[in-house]
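Before any comments, here is the structure.
Protein chains: 2
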Amino acid sequence: MVTIKDIAKIAGVSKATVSKALNNKSDISKKTKKKIKKIAEEMGYIPNSIAKCLVEKKTYTIGLVLPYLGNPTTIERIKGINDSLFNYGFALIICFSEKQNQQNYIKEMISRKVDGIILTPIMNNLKEVEILTNKKIPFVLMSENIDEGSFDFVGDDDFYGGKIATDYLIKIGHKKIAYFGIGGNIYSDNQIKKGYIETLNEYGIEKKYIMENNFDKQRLKENIKEVMKEKITAIICWSDIMAIDVINNLNDYGVKVPEEISIIGYDNIDFLSIFHIPLTTVSQPNYEIGKQAAILIVEKIKNPDLKPKKIIFKPELIIRKTTKEVNNV
Amino acid sequence: MVTIKDIAKIAGVSKATVSKALNNKSDISKKTKKKIKKIAEEMGYIPNSIAKCLVEKKTYTIGLVLPYLGNPTTIERIKGINDSLFNYGFALIICFSEKQNQQNYIKEMISRKVDGIILTPIMNNLKEVEILTNKKIPFVLMSENIDEGSFDFVGDDDFYGGKIATDYLIKIGHKKIAYFGIGGNIYSDNQIKKGYIETLNEYGIEKKYIMENNFDKQRLKENIKEVMKEKITAIICWSDIMAIDVINNLNDYGVKVPEEISIIGYDNIDFLSIFHIPLTTVSQPNYEIGKQAAILIVEKIKNPDLKPKKIIFKPELIIRKTTKEVNNV
DNA sequence: CTGAAAGCGCTAACAT
DNA sequence: ATGTTAGCGCTTTCAG
Chain A
1 MVTIKDIAKI AGVSKATVSK ALNNKSDISK KTKKKIKKIA EEMGYIPNSI
51 AKCLVEKKTY TIGLVLPYLG NPTTIERIKG INDSLFNYGF ALIICFSEKQ
101 NQQNYIKEMI SRKVDGIILT PIMNNLKEVE ILTNKKIPFV LMSENIDEGS
151 FDFVGDDDFY GGKIATDYLI KIGHKKIAYF GIGGNIYSDN QIKKGYIETL
201 NEYGIEKKYI MENNFDKQRL KENIKEVMKE KITAIICWSD IMAIDVINNL
251 NDYGVKVPEE ISIIGYDNID FLSIFHIPLT TVSQPNYEIG KQAAILIVEK
301 IKNPDLKPKK IIFKPELIIR KTTKEVNNV
Chain B
1 MVTIKDIAKI AGVSKATVSK ALNNKSDISK KTKKKIKKIA EEMGYIPNSI
51 AKCLVEKKTY TIGLVLPYLG NPTTIERIKG INDSLFNYGF ALIICFSEKQ
101 NQQNYIKEMI SRKVDGIILT PIMNNLKEVE ILTNKKIPFV LMSENIDEGS
151 FDFVGDDDFY GGKIATDYLI KIGHKKIAYF GIGGNIYSDN QIKKGYIETL
201 NEYGIEKKYI MENNFDKQRL KENIKEVMKE KITAIICWSD IMAIDVINNL
251 NDYGVKVPEE ISIIGYDNID FLSIFHIPLT TVSQPNYEIG KQAAILIVEK
301 IKNPDLKPKK IIFKPELIIR KTTKEVNNV
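Shown next, in the form of structure tokens:
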């Protein structure tokens with residue numbers, strides 16, 4: 001491996017001069033700079049940013065810790081982060097945290113001296129970010145927020161998302177509307193649920209049907225059976241993927257969507273809009289969310305004392321073919 | 001930030017002892033180890049792996065360089081890599097290379113001293129991997145191979161994929177079959193195309209319809225017009241996403257799938273199987289490909305002189321509803 | 001303008 | 001069993 005020492009030897013100058021020349025410091029003559037750069041180029045020199053980090057105490061690296069639950073929107077956000085991070089000269093180190101304790105993954109990131117962390121917390125819980133606040137490591141939350149405390153956050157307004165979905169269903173005549181969520185205190189789930197409840201209340205609809213499946217397909221099936229007994233006419237789902245599952249299960253029971261039950265998903269996954277019976281869904285700008293999270297963390301690193309900023313996008317209801325007005329006889 | 005020096009001071013021992021104790025070296029007494037570990041814990045010590053890297057010349061980091069072209073299969077592979085890498089104690093640093101020169105991204109990875117690189121080359125060209133071979137940095141190619149040279153590679157057998165798709169269409173009566181690819185010397189594109197051509201030749205079908213759109217929606221439309229003029233009855237597409245596009249365009253022209261034209265995609269994206277008119281497609285095990293790529297790069301790092309290994313999965317034809325036999329009157 | 005020296009936090013070889 | 005020393009590759013004072 002060629003180092004500045006090697007270059008220094010060839011160029012007949014000191015290590016310090018090489019370092020300064022390569023970094024375009026002002027106190028090196030143009031001639032020397034040119035000469036040294038040429039030699040570096042010829043020798044195929046690639047700087048060792050590890051050594052640089054050790055001195056500068058900055059790694060120009062952002063850690064991304066998030067769960068991947070098979071939702072294709074994830075990649076859009078990652079791409080958004082990647083693209084804007086690269087503009088700032090930062091690299092991205094990723095780990096998918098699954099459903100376990102995120103603390104270990106966060107510690108790993110800290111050990112690797114990332115300058116900041118973008119985190120999608122699994123638990124709506126201060127504990128998740130405790131180390132980060134203790135160690136004063138800049139971080140921003142993405143997509144999922146935490147109720148207690150006040151943190152930098154980029155995501156969409158899921159409360160509003162829950163509202164517009166419910167509102168629409170009521171407006172087209174539905175009264176027995178269910179919400180299919182996850183359970184277990186997930187921020188977005190809570191928010192959508194709140195929006196759902198509040199909207200029903202506004203219209204004076206007492207009866208709520210709140211189902212939780214905790215990512216368990218079997219429980220989802222049971223949930224469906226339960227609401228079918230109750231003769232509900234519409235379901236709002238926490239995600240598009242869940243919505244698809246619900247539709248399939250309903251089809252298996254011979255229940256037609258949207259004729260008998262209307263379904264609204266959440267995410268607006270591209271590919272789901274294409275086929276027949278395109279999904280009615282709530283849309284959020286995933287790429288943009290990732291992008292803004294990256295911009296915010298870089299800002300935060302440059303200026304750690306900035307007070308928490310929230311960038312919240314309004315989701316949009318995309319009405320397609322899985323919802324239908326109810327004939328109120 | 002608390003360092004081993006701080007711990008040493010509190011514990012009343014030397015830095016070396018702390019280092020050894022924390023790393024469970026055998027020449028430290030159990031008592032001291034226990035004491036030091038306790039202090040480290042209490043002080044909230046997190047090791048600085050940057051410093052460690054500088055000494056050990058290993059970062060336990062793998063670089064992943066790949067294009068993201070909106071194909072949701074990408075995330076599956078990333079997840080596969082992530083999961084098995086974590087088992088080995090490696091972290092993953094990702095960058096999406098778009099259509100530009102991948103060399104810069106690779107250099108960035110080298111500068112960051114990754115122990116190895118998993119690369120999906122954009123160009124079927126030795127130049128892409130030149131630095132890596134020069135600098136003797138372990139790498140494995142994933143999904144896309146390079147014709148010249150012989151490299152470690154994990155992916156599926158796209159030649160075979162092209163064959164089974166074509167073979168199936170011929171068996172159900174099609175004779176005028178088109179292949180819709182990308183062009184511009186992409187390995188997988190070439191392979192599928194080869195499989196397509198060879199199979200047609202085997203059946204003595206002279207006429208080939210090879211279209212290239214280079215990811216350009218407009219050119220895709222023109223391609224479709226062209227093959228419609230030729231009255232082809234089936235199209236094999238380079239990807240599921242492209243297949244969807246083709247189907248939509250065909251629908252716009254009032255051409256019915258599969259009644260008038262059969263379509264085969266490539267990728268077997270989950271969500272596309274769910275709706276009515278599920279896509280006939282060629283399936284590849286993306287998660288597994290990522291996983292094996294990770295295992296292979298770690299192997300390669302431990303033993304750089306291993307000769308190139310190829311792990312090639314046989315894709316599978318998934319027959320669904322976008323293909324139909326032809327009535328040969 | 002250029003160079004010598006110190007040091008980032010850690011490990012490893014060699015003493016003790 | 002523990003400590004001393006040197007050094008990884010780089011940047012950064014401070015002198016010259």
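So the protein lines, in turn, are chains A and B.
For reference, each letter of the first sequence is one residue, going 1 to 329 in the numbering used here.
For reference, each letter of the second sequence is one residue, going 1 to 329 in the numbering used here.
Heads up, the beta-carbon is just placed ideally off N, CA and C, and yes, glycines get one too.
DSSP, reduced to helix, strand and coil, places THR61/A within a strand of the structure shown. By the CB criterion at 7 angstroms, TYR187/A and GLU144/A fall inside the cutoff.
With contacts defined as CB atoms closer than 7 angstroms, ILE269/B and PRO72/B qualify as a contacting pair. Put simply, the backbone Cα of ASN190/A is about 24 angstroms away from that of THR133/A. Listed along chain A, the residues sitting closer than 8 angstroms to ILE93/B by beta-carbon distance are THR61, ALA91, LEU92, ILE93 and ILE94. Non-local beta-carbon contacts of ASP245/B in its own chain, meaning distances under 8 angstroms to residues more than five positions away in sequence, involve LYS217 and LEU220 in chain order. Going by beta carbons, VAL140/B and ILE297/B fall inside the 7 angstroms limit. Listed as beta-bridge partners of ASP267/B by DSSP are SER283/B.
In this chain, GLU202/B is not harboured by any beta strand (DSSP E); it is covered by the alpha helix (DSSP H) spanning 187–202. Your pair ILE117/A and ILE62/A checks out as a contact, with CB atoms roughly 7 angstroms apart and the cut at 8 angstroms. Runs of the beta strand (DSSP E) lying entirely within the stretch 73–137 of chain B and spanning at least 3 residues, in chain order: 91–96 and 116–119. Within the model, the alpha-carbon separation for ASN87/B versus VAL154/B is close to 19 angstroms.
Listed as beta-bridge partners of SER262/B by DSSP are ALA234/B. In the structure shown, the three-state DSSP call for LEU141/A is strand. Using a Cβ-Cβ cut-off of 7 angstroms, ARG112/A is close to SER49 and ALA91 of chain B, given in chain order. Bounds of the beta strand (DSSP E) holding PHE313/B are 310–313. As summarised for the stretch 149–179 of chain A, the continuous beta strand (DSSP E) elements at least 3 residues long and confined to that stretch are 153–156, given in chain order. The three-state secondary structure of GLU41/A, taken from DSSP, is helix.
DSSP places GLY254/B in the coil class of the three-state scheme, outside both helix and strand. At a C-beta separation below 7 angstroms, LYS107/A has these neighbours in chain B: ILE46. At a Cβ-Cβ threshold of 7 angstroms, SER84/B and LYS291/B count as neighbours. Annotated three-state conformation of ILE10/B is helix, per DSSP. Under the criterion of beta carbons closer than 8 angstroms, VAL2/A and TYR45/A qualify as touching, at roughly 5 angstroms.
Remark: three or more beta-carbon pairs, one from each stretch, lie closer than 8 angstroms, so the stretch 5–15 of chain A and the stretch 33–40 of chain A are flagged as touching. Taking 8 angstroms as the upper bound for CB-CB distance, ILE106/B and LEU64/B are not in contact here, some 11 angstroms apart. At a beta-carbon threshold of 8 angstroms, none of the residues of chain A lie near PHE139/B; the nearest stands roughly 15 angstroms away. Taking LYS231/B as the centre and dropping the five residues before and after it, the same chain places the C-beta of LYS176 closer than 7 angstroms to its C-beta, in chain order. Nearest CB-CB separation between LEU54/A and chain B: below the 7 angstroms threshold. Bridge partners of GLY290/A according to DSSP: none are assigned. ILE263/B is positioned such that its CB atom lies closer than 7 angstroms to that of VAL257/B. Not one beta carbon of chain A lies nearer than 7 angstroms to the beta carbon of ILE318/B. Under the 7 angstroms criterion on CB atoms, PRO72/A is classed as interfacial with respect to chain B. DSSP links GLY184/B through a beta bridge to no other residue.
Scanning its chain for C-beta atoms nearer than 7 angstroms, with the 5 sequence neighbours on each side dropped, one finds around LEU92/A the residues ILE62, LEU64, ILE81, ASN82 and LEU85, in chain order.
Taking a Cβ-Cβ threshold of 8 angstroms, none of the residues of chain B is close to TYR196/A; the smallest such distance is about 25 angstroms.
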